[in-house]
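Encoded as structure tokens, the structure appears first; notes follow it.
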Amino acid sequence: MKPLLTYYDIADGVTAFSTTRHGGESKGNYGCMNINSYCGDDMQTIAANRRLLAEELNVKGEHIVVPHQVHDVVCREITDNFLKLPPSEQTDFLDGVDAVLTRCPNLCIGVSTADCIPVLLYDEQHHAAAAVHAGWRGTVCYIVCKAIEAMSQIFGTLPDNLRAVIGPGISLRNFEVGQEVYDAFAASGHPMNAIAVKYEKWHLNLPLSNKLQLEDVGVQPANIIMTDICTYDAVDDYFSARRLGIASGRIYTGIILR
Numbered sequence: 000m001k002p003l004l005t006y007y008d009i010a011d012g013v014t015a016f017s018t019t020r021h022g023g024e025s026k027g028n029y030g031c032m033n034i035n036s037y038c039g040d041d042m043q044t045i046a047a048n049r050r051l052l053a054e055e056l057n058v059k060g061e062h063i064v065v066p067h068q069v070h071d072v073v074c075r076e077i078t079d080n081f082l083k084l085p086p087s088e089q090t091d092f093l094d095g096v097d098a099v100l101t102r103c104p105n106l107c108i109g110v111s112t113a114d115c116i117p118v119l120l121y122d123e124q125h126h127a128a129a130a131v132h133a134g135w136r137g138t139v140c141y142i143v144c145k146a147i148e149a150m151s152q153i154f155g156t157l158p159d160n161l162r163a164v165i166g167p168g169i170s171l172r173n174f175e176v177g178q179e180v181y182d183a184f185a186a187s188g189h190p191m192n193a194i195a196v197k198y199e200k201w202h203l204n205l206p207l208s209n210k211l212q213l214e215d216v217g218v219q220p221a222n223i224i225m226t227d228i229c230t231y232d233a234v235d236d237y238f239s240a241r242r243l244g245i246a247s248g249r250i251y252t253g254i255i256l257r
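First residue of the sequence shown? That's 0 in numbering that gives the first Met the number 0, and the numbers climb one at a time after it.
In structure tokens, the structure reads:
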């Protein structure tokens with residue numbers, strides 16, 4: 000039952016990864032590796048999967064941080080004080096949060112996705128990290144830029160020192176959207192000629208949009224890892240809400256400072 004993870008070579012002294020659907024105990028559309036408790040999976044199975052993931056990552060189970068995301072742009076720092084809170088208060092602290100930041104060692108921060116775009120950020124100079132959930136609503140509101148701004152305020156991060164991973168998510172070819180979504184991006188100043196293509200309906204390139212946002216704030220293109228994994232196409236290996244429905248598991252994309 001060992002979890003099968005996709006690892007990213009972001010930097011020495013850092014573990015960055017995404018879970019796949021393989022190596023856990025969940026069933027059906029949650030199968031097999033799901034650690035997200037907000038999508039309808041059995042709680043005992045989720046707990047078992049978290050134990051398996053913790054063993055694979057060599058961290059404590061209670062040190063795997065999973066925020067309750069709401070497609071907003073709230074960023075929260077996870078500190079040693081967070082780890083001292085009782086579980087109920089930790090849950091409250093993580094409610095409504097779509098980006099988490101830390102510089103605590105051996106603490107796994109991450110975000111959950113199933114077509115949305117997970118983005119990991121690592122500040123080499125300050126040994127600090129962030130995990131960002133960039134669905135279309137977060138992307139249209141520049142959540143990766145807001146996460147970098149939060150890192151700058153809290154840690155002193157300079158974008159030029161950042162390394163990034165843009166993890167598995169839905170591709171341009173499979174992300175068909177309505178006119179209202181296209182209009183929201185256009186109204187927010189996104190480069191529509193670069194990120195949008197019209198077939199019968201509009202299609203948006205969320206991975207590219209987040210990459211361009213990173214570059215616009217000063218992250219070096221050479222420091223951005225693009226996984227180019229489309230969750231819709233690779234549904235046997237990664238969760239896709241568009242293929243499986245909302246009542247399905249979630250990919251967890253995380254980062255650990257060693």
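Even glycine gets a Cβ: it sits at the ideal position worked out from N, Cα and C.
By how many angstroms is the C-alpha of residue j removed from the C-alpha of residue i?
i: M32; j: H62; result: 18 Å
i: H126; j: R102; result: 6 Å
i: E148; j: D97; result: 14 Å
i: G217; j: A186; result: 23 Å
i: T14; j: N57; result: 10 Å
i: V143; j: A163; result: 10 Å
i: Y141; j: P86; result: 31 Å
i: Y181; j: M150; result: 29 Å
i: H21; j: G30; result: 7 Å
Kindly give me the distance between the Cβ atoms of residue i and residue j, rounded to whole angstroms, as I take these residues to be in contact under 8 Å.
i: R75; j: V99; result: 6 Å
i: I254; j: A146; result: Not confirmed; about 12 Å, so no contact.
i: N28; j: S247; result: 4 Å
i: V65; j: N35; result: 6 Å
i: K2; j: L52; result: The sequence as given places Pro at residue 2; Lys does not occur at that position. Indeed, because the Cβ distance is near 5 Å, the residues count as touching under 8 Å.
Taking the CB atoms as reference points, tell me whether residue i and residue j lie closer together than 8 Å.
i: T19; j: Y237; result: yes
i: I108; j: A128; result: yes
i: R241; j: T112; result: no
i: G168; j: T230; result: yes
i: L119; j: I9; result: yes
So what does DSSP say about residue i, is it helix, strand or coil?
i: D94; result: strand
i: C74; result: strand
i: F81; result: helix
i: C107; result: strand
i: S87; result: helix
i: Y251; result: strand
i: Y29; result: helix
Which ranges would you report for the beta strand (DSSP E) in the segment 155-226 if only whole runs of at least 3 residues count?
Listed in chain order, they are 161-165, 195-197, 201-203, 223-225.
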